[in-house]
Each structure stands twice: as structure tokens, then as C-alpha cells.
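Chemist:
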């Protein structure tokens, strides 16, 4: 009887600890962020032009500039921490970072795990191929090898519309890469036939290449999506602060200025 009672008590304690560690029961962290004058932002430091390392190993990019501008409104320093992109939601939940901010696409699956800021930019998954491959449409990828980044939103998009690529590519699944720059190397060396990738990355990356005329960028297979900032669902105040800063920066034209710096045009969603 005592043994049964001990087991029951241990089970209750275990369930209590799990509940206490869950996202929904954590306190809003805005007071801590405001007090410490620092917010920690997780990113993939190879995702040009949103957040990446320049030739001097400095973290630069559209999202870097935007995040700094947002928290400058509150006198808070934005600290950027490169993370394993496949573990981004776990890093957020365990408190290693306060925000996921790096071309982070809003999806139904992610909405179950995190809260999102207002959208600030539209994006679309595109297929990049070499012109020499004669792959000019999604349907031309039949029995061909596709590359994708591990943990990227393109995986979710392919699952939603399997008829576009999943059902026709070799092995019915893509070759997964930790970073897109490595995937581009394999594309150039014809180890893969195509690469599913965010349009903003594709156009910026290709424009910087000496062989930029060698590529096709194929659109229209997937629906446009939104870029937003991810945060813990308990961080209501932080969510409000980010959204309020977006509105202020948009009204002042600063978001548009940052967009023109990195994209040459105003790509910002009206706030």
C-alpha cells in the first residue's frame, strides 16, 4: 500500500513539474527584459539577407537592423545568438532566447508552439534550378533530387501541397541541409537538381553571385506567407511592445528605409 502511495505521489510531482515548465505557465518576461536592458534574439546566422555574417564576421542583415530599431525605441539592447534552426522553438521555450527573429515564417504548426508579432513582410517558397538543367517548372522536377533546409518552413509548405513537389521528386522527400549556402554549393555541383527556398534569400543570394545568370527562380507553386517575430505565448507585453514599435517605425518611415537598404525597394507590410 505504501509503495502504491509513493508511486502516486511521485507521479503527481512529475506532472506538476512538467506543468510548471510549460510555456503557458511562465511569467511574462518583459519586466526582466526592461530591467536588464537586453533582449536575446535567436537566429540562423547564414540566412541572407535577413541575418548573416559579413566578410568581417559581423552579424548583419535586414532583421538585425529592424530588431535593433525596435528595441532602440525602449532603450534596450538587442543581443543576437546563433542557434540550431531545427531547435528554435525549444530554445525559446527553455529560456535560452526571448525571440525567434530571422525570416521566421508564420505557419499553423508554429502557431501551436509560439505567439507571433504582426507580420512585417511577405515571402514565398520558390524553386531554384540551374538553367543548364532545363528545369523550368515545378513539374520538371519529376524523379529529380530536391534540396531543402532542415527545419525550414518549406517543409511545411511541401506537406500541405504534396502534389507540387513531394509526390514527384526522387524518394518523395528532399535532401536536407543545415544551411542554404551548403545547399547552393551542391546545386552548383549538380549533386541536387533543385532547391526549395525562401524567395527573399534566393533573389538576394543569386544577385551576389558571379554566375547569377545561370539560375532559374521558379515561382507560383506555393501560397505567399508572412514573416513575423516568434515569442513565448506567455510574453503578452513583449508582443505588444514589438507591435507598437512596428507601428511607430512604419509611421516614421524607418521600416521602409531599412527595407530599401537591403532590398532596394519597400517590401514592408503596412502596420
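Numbering (the working numbering), first residue to last: 57 to 327.
A virtual CB, placed ideally from N, CA and C, is assigned to each residue, including glycine.
So for residue 305, helix, strand or coil by DSSP?
Modeler: Counting from one through the chain shown, the residue named residue 305 turns up at place 249. Note: residue 305 maps to helix in three-state DSSP.
Chemist: Which residues mark the beginning and the end of the alpha helix (DSSP H) in which residue 205 is found?
Modeler: Counting from one through the chain shown, the residue named residue 205 turns up at place 149. Residue 205 -> not in any alpha helix (DSSP H); beta strand (DSSP E) instead, spanning 202-205.
Chemist: Quick check on residue 218: buried or exposed, where buried means 16 or more other Cβ atoms within 10 Å of its Cβ?
Modeler: For the purposes of this step, residue 218 is taken as the residue at position 162 of the chain shown. Residue 218 is exposed by the Cβ-count criterion.
Chemist: Going by alpha carbons, who is nearest to residue 287 out of 100, 154, 110 and 311?
Modeler: As a first step, residue 287 must be located in the chain shown, where it is residue number 231. Nearest of 100, 154, 110 and 311 to residue 287, Cα basis: 154.
Chemist: Tell me, please, which residues DSSP counts as bridged to residue 181.
Modeler: Within the chain shown, numbered from 1, the residue matching residue 181 stands at position 125. Partner(s): 254.
Chemist: Given this structure, state the Cα-to-Cα distance separating residue 152 from residue 239, to the nearest angstrom.
Modeler: Reading the chain shown from its first residue, position 96 is the one you call residue 152. Reading the chain shown from its first residue, position 183 is the one you call residue 239. Computed Cα separation, rounded: 28 Å.
Chemist: Residue 129 and residue 301 look like a contact to me (Cβ under 8 Å); what is the Cβ gap, rounded to whole Å?
Modeler: Position 73 of the chain shown, counted from the first residue, corresponds to residue 129. Position 245 of the chain shown, counted from the first residue, corresponds to residue 301. Contact flag correct, Cβ pair sits at about 5 Å.
Chemist: Give every residue of the same chain whose Cβ lies closer than 7 Å to the Cβ of residue 278, excluding the five residues on either side of it in the sequence, and list them in chain order.
Modeler: As a position in the chain shown, residue 278 is number 222, starting the count at 1. Here the set comprises 180, 181, 213, 217 and 220.
Chemist: Just verifying my parser: in three-state terms, what is the DSSP assignment at residue 221?
Modeler: Within the chain shown, numbered from 1, the residue matching residue 221 stands at position 165. Reduced to three states, the DSSP call for residue 221 is coil.
Chemist: What do you get for residue 280, buried or exposed, if any count of 16 or more other CB atoms within 10 angstroms of its CB means buried?
Modeler: As a first step, residue 280 must be located in the chain shown, where it is residue number 224. It is exposed - the Cβ of residue 280 has fewer than 16 other Cβ atoms within 10 Å.
Chemist: Tell me the rounded alpha-carbon separation between residue 289 and residue 169.
Modeler: Locating residue 289 in the chain shown gives position 233, where the first residue counts as 1. Locating residue 169 in the chain shown gives position 113, where the first residue counts as 1. Straight-line spacing of the CA atoms in residue 289 and residue 169 works out to 8 Å.
Chemist: When burial is assigned at 16 or more other CB atoms within 10 Å of the CB, is residue 315 buried or exposed?
Modeler: Residue numbering aside, residue 315 sits at position 259 when the chain shown is read from its first letter. Residue 315 should be labelled buried.
Chemist: Specify the secondary structure class of residue 284 as computed by DSSP and reduced to three states.
Modeler: Position 228 of the chain shown holds residue 284. In this structure, residue 284 counts as coil in the three-state DSSP scheme.
Chemist: Are the region 194-211 and the region 251-269 touching, with three or more C-beta to C-beta distances below 8 Å?
Modeler: Short answer: they touch.
Chemist: Pick from 312, 127, 222 and 243: whose alpha carbon is nearest that of residue 188?
Modeler: Sequence index remark: in the chain shown, residue 188 carries index 132 (1-based). It is 243 whose Cα lies nearest to the Cα of residue 188.
Chemist: If distances are taken between C-alpha atoms only, which option among 235, 115, 196 and 86 comes closest to residue 142?
Modeler: Position 86 of the chain shown holds residue 142. Of the candidates 235, 115, 196 and 86, the residue whose Cα lies closest to the Cα of residue 142 is 235.
Chemist: Less than 8 Å between the CB atoms is what I'm expecting for residue 104 and residue 261, so what's the real figure, rounded?
Modeler: Position 48 of the chain shown holds residue 104. Position 205 of the chain shown holds residue 261. The pair is a contact, with the Cβ atoms about 6 Å apart (cut-off 8 Å).
Chemist: Determine the burial state of residue 257: buried for a count of at least 16 other Cβ atoms within 10 Å of its Cβ, exposed for fewer.
Modeler: The residue given as residue 257 occupies position 201 in the chain shown. Buried is the call here.
Chemist: Using a Cβ-Cβ cutoff of less than 6 Å, which residues in the same chain neighbour residue 124 once the five nearest sequence positions on both sides are dropped?
Modeler: Mapped onto the chain shown, residue 124 falls at position 68. The answer, listed in chain order, is 134.
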